[in-house]
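Report on the following structure.
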DNA sequence: TTTTATAGCGTTTTT
DNA sequence: CGCTATAAAA
């Protein structure tokens with residue numbers, strides 16, 4: 002049995018799969034068969050009888066990855082998916098906290114807030130405390146709270162040196178109080194609470210440490226500090242002094258690729274890869290460097306690009322595949338024309354029998370998708386945009402869920418506020434303020450305040466709302482989940498409301514899908530409202546592509562991680578866009594942008610298009626730009642410029658460049674203004690002292706060389 | 001209270 | 001340009 006299991010693995014993969022039970026780090030390059038190694042490792046451990054299904058813990062970052070692993074695993078072995086602990090960090094922590102809610106100090110039916118809920122909760126808090134949200138922007142405060150939680154810091158452990166940070170800390174504390182009162186937890190709280198529970202409860206810790214002898218982690222480069230701490234604890238690697246079984250820690254199998262770390266901006270800590278080797282006394286580091294995905298030229302380009310990064314663990318992908326075709330580069334005059342180019346090429350490939358689903362169009366930021374969508378729509382090419390509004394994030398779905406939440410836990414203020422006046426039932430701001438005052442005064446939830454009748458003028462309307470929820474709860478008793486959902490939709494008046502709305506058709510369909518989702522959930526899991534609500538929060542869900550429709554794939558580069566396509570368009574390769582303006586000054590930021598570009602390049606199997614636009618509509622105005630530095634970092638021999646007249650701007654010698662830069666503050670890509678030619682962007686410059694010449698791209702007015710001293714050029718930004 | 005108008009703002013994002 | 005959030009008018 003295990004013979005067929007291991008068939009076709011290369012020596013490194015085989016070594017990784019059959020490692021003895023010690024901790025190891027697997028550096029798995031793009032397209033090197035990472036997922037296969039991970040699942041085969043689990044299958045091998047199980048089928049050789051080294052461990053039972055209950056002894057394995059496998060952690061991923063996305064639900065998609067978890068599902069994929071489970072699917073592949075059950076293809077290799079007859080397993081009961083239910084007994085295996087495979088899931089995302091958050092999914093597993095949720096599972097853990099549902100089992101031990103009492104020890105964790107949570108209500109049995111605690112609810113999970115997604116990012117939007119959390120943001121709303123923070124805003125509400127600021128309002129309740131009369132804090133100026135200009136001085137303490139909710140966005141920033143949320144970031145602060147999550148950042149601290151992800152470092153494992155509660156308010157009492159946060160450092161504060163001035164008035165401002167003391168206030169932040171104070172607000173953090175108030176936020177926690179509010180969450181506790183309402184029985185809700187945010188994403189970071191799931192992790193932090195689990196971590197603290199393990200840390201402080203020796204019996205539980207001992208139990209789980211004894212149980213999970215093998216822990217496997219995917220995308221290890223994306224773990225944050227707290228996740229790493231959690232892992233250490235669970236694996237039995239907690240700090241000295243605790244009485245845990247020394248020398249009996251679990252075998253941690255960490256798989257990652259530092260070159261694909263693209264989430265540092267939200268707290269991922271690549272340093273965990275170094276720490277891991279030290280803390281777990283890792284002696285085995287296996288590099289998976291053979292790429293099974295891309296043709297040689299694509300790989301060479303990616304390798305050359307990423308070689309420009311300084312902080313790397315070091316790794317070079319190679320392939321047995323032929324070089325293939327060169328990378329095709331297209332420089333368009335405008336974003337509009339760039340989209341036209343994509344359309345033309347896609348049409349051609351389609352004529353050649355290429356399926357659209359195997360072609361991806363990637364961009365740095367979501368705003369870029371609009372022009373592309375427009376062009377594709379005009380050309381009647383079916384396409385699908387990933388990462389737009391997700392199913393459980395649509396307003397009608399959130400409304401429906403809010404009603405359901407009130408059934409499970411009426412003290413969920415977030416939920417109550419969302420729907421107390423939706424559909425409109427005459428409860429406005431004034432009334433809500435009164436309610437909130439009452440609630441604050443007595444330190445209770447809005448629900449209780451509403452029940453006590455302190456609602457002033459609209460007391461009748463509020464009373465009817467309370468009645469409505471109560472009667473729904475009553476009627477829902479004993480119903481199956483999908484029926485409960487339907488009941489709520491009807492009784493709450495959501496169906497009527499959207500039926501009356503002109504644009505409500507799609508929303509009605511989505512609500513219908515919510516019932517289906519509930520039915521599916523019951524089938525695959527259990528008939529339990531709280532579990533379903535947790536599912537909705539944790540798997541905001543990519544609803545699956547419509548089956549049977551062949552569609553072009555549009556997504557951000559971030560969203561493309563882990564995927565692969567026959568052909569890939571990487572669009573918008575311009576300074577300021579990719580790399581993005583906001584990352585340019587910071588070398589770390591620039592390296593992350595480069596890794597992002599690396600991820601983009603390595604998505605392609607056979608064909609790779611790189612495109613850029615000289616002018617682009619951004620925030621309602623046209624911006625001019627120059628080619629991304631990333632294009633220069635790919636060897637010219639690998640590139641084939643498709644347009645006629647591209648002449649790379651003559652590069653000034655670097656010393657001259659830095660002179661001119663220092664003397665005049667010039668920069669490639671800089672926006673400038675000329676009294677005659679209007680706005681433009683610096684493409685190149687030359688000379689020094691009073692003899693500096695600047696080449697400027699003025700868009701329609703053309704590209705011109707000007708003498709800086711005479712030209713009355715104004716440097717912007 | 002609800003609807004409508006306008007000002008502001010605008011990486012990347014899973015959970 | 002297109003979305004969201006807040007302000008003024010119905």
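Numbering (our numbering), first residue to last: 2 to 718.
We put the beta carbon where it would ideally sit given N, CA and C, even for glycine.
Output yes or no for whether 8 Å exceeds the beta carbon distance between residue i and residue j.
i: residue 494; j: residue 411; result: no
i: residue 123; j: residue 176; result: yes
i: residue 416; j: residue 407; result: yes
i: residue 384; j: residue 255; result: no
i: residue 223; j: residue 264; result: yes
i: residue 372; j: residue 360; result: no
i: residue 226; j: residue 152; result: yes
i: residue 639; j: residue 327; result: yes
i: residue 404; j: residue 573; result: no
i: residue 716; j: residue 673; result: yes
i: residue 184; j: residue 112; result: yes
i: residue 599; j: residue 260; result: yes
i: residue 104; j: residue 202; result: yes
i: residue 262; j: residue 253; result: no
i: residue 704; j: residue 711; result: no
Taking the alpha helix (DSSP H) that residue i falls in, what are its first and last residues?
i: residue 96; result: 90 to 100
i: residue 575; result: Unbroken run through residue 575: none, as it is neither H nor E.
i: residue 320; result: Premise fails: residue 320 is in no alpha helix (DSSP H) and is neither H nor E.
i: residue 168; result: 164 to 183
i: residue 470; result: 460 to 477
i: residue 264; result: No alpha helix (DSSP H) holds residue 264; DSSP gives it neither H nor E.
i: residue 215; result: Not the alpha helix (DSSP H): residue 215 falls in the beta strand (DSSP E), residues 215 to 218.
i: residue 500; result: 495 to 501
So the beta strand (DSSP E) residue i belongs to, where does it begin and stop?
i: residue 674; result: 672 to 675
i: residue 698; result: 694 to 698
i: residue 616; result: 605 to 619
i: residue 328; result: 328 to 335
i: residue 380; result: First-last for residue 380: undefined, no H or E at that position.
i: residue 238; result: Taken as a continuous stretch (DSSP letters only), residue 238 belongs to no beta strand (DSSP E), as it is neither H nor E.
For residue i, which residues of its own chain have a beta-carbon under 7 Å away from its beta-carbon, when the five flanking residues on both sides are left out?
i: residue 283; result: 24, 25, 26 and 277
i: residue 655; result: Reliability of the predicted coordinates at residue 655 is poor, the pLDDT of 37 falling under 50, and no value is obtained from them.
i: residue 647; result: Bear in mind that a pLDDT of 47 at residue 647, under 50, signals an unreliable position, so the model cannot answer this.
i: residue 649; result: Reliability of the predicted coordinates at residue 649 is poor, the pLDDT of 46 falling under 50, and the value obtained from them is presented with this limitation in mind. So the list is empty, once near-sequence residues are dropped.
i: residue 536; result: 522
i: residue 337; result: 372
i: residue 147; result: 189
i: residue 519; result: 482, 483, 486 and 533
i: residue 370; result: 364, 386 and 555
Taking the beta carbon of residue i as the centre, do at least 16 other beta carbons fall within 10 Å, making it buried, or is it exposed?
i: residue 580; result: buried
i: residue 29; result: buried
i: residue 172; result: buried
i: residue 546; result: Low local confidence applies: a pLDDT of 48 at residue 546 is under 50, so the model's placement there is unreliable, with the coordinate-based value given in what follows. Flag for residue 546 reads exposed.
i: residue 242; result: Confidence is the limiting factor: at residue 242 the pLDDT is only 48, short of 50, which leaves the residue's position unreliable and the question unanswerable from this model.
i: residue 275; result: exposed
i: residue 91; result: buried
i: residue 244; result: Confidence is the limiting factor: at residue 244 the pLDDT is only 48, short of 50, which leaves the residue's position unreliable, though a coordinate-based value still follows. Per the 10 Å Cβ criterion, exposed.
i: residue 617; result: buried
i: residue 230; result: buried
i: residue 303; result: buried
i: residue 131; result: exposed
With a threshold of 6 Å on Cβ separation, who are the neighbours of residue i within its own chain once the five nearest residues in sequence on each side are excluded?
i: residue 485; result: 477
i: residue 1; result: This structure gives no information on residue 1, because the portion of the chain shown stretches from 2 to 718.
i: residue 169; result: 145
i: residue 357; result: 551, 552 and 553
i: residue 531; result: 110 and 409
i: residue 629; result: 574, 575, 576 and 579
i: residue 206; result: 199
Considering only residues of the same chain and omitting the five flanking positions on each side of residue i, which have a CB-CB separation below 8 Å?
i: residue 466; result: 421, 426, 428 and 451
i: residue 32; result: 292, 293, 294, 295, 318, 565 and 603
i: residue 16; result: 287
**Q.** Cβ contact (3+ pairs, closer than 8 Å) linking the stretch 516 to 532 and the stretch 563 to 583
**A.** The answer is no - the stretch 563 to 583 does not touch the stretch 516 to 532, with fewer than three Cβ pairs under 8 Å.
Q. Are the stretch 565 to 574 and the stretch 595 to 612 in contact at 8 Å, needing three or more beta carbon pairs?
A. Yes, the stretch 565 to 574 touches the stretch 595 to 612.
(Q) Count Cβ pairs between the stretch 294 to 302 and the stretch 577 to 596 that sit closer than 8 Å; are there 3 or more? (A) With a cut-off of 8 Å, the stretch 577 to 596 and the stretch 294 to 302 do not count as touching, because too few Cβ pairs lie within range.
Q: Give a yes or no on contact between the stretch 183 to 198 and the stretch 103 to 116, applying the rule of three or more CB pairs nearer than 8 Å.
A: These segments touch.
Q.
For the stretch 40 to 48 against the stretch 7 to 17, do three or more pairs of beta-carbon atoms, one drawn from each stretch, fall closer than 8 Å, so that the two count as touching?
A. They touch, by the three-pair rule.
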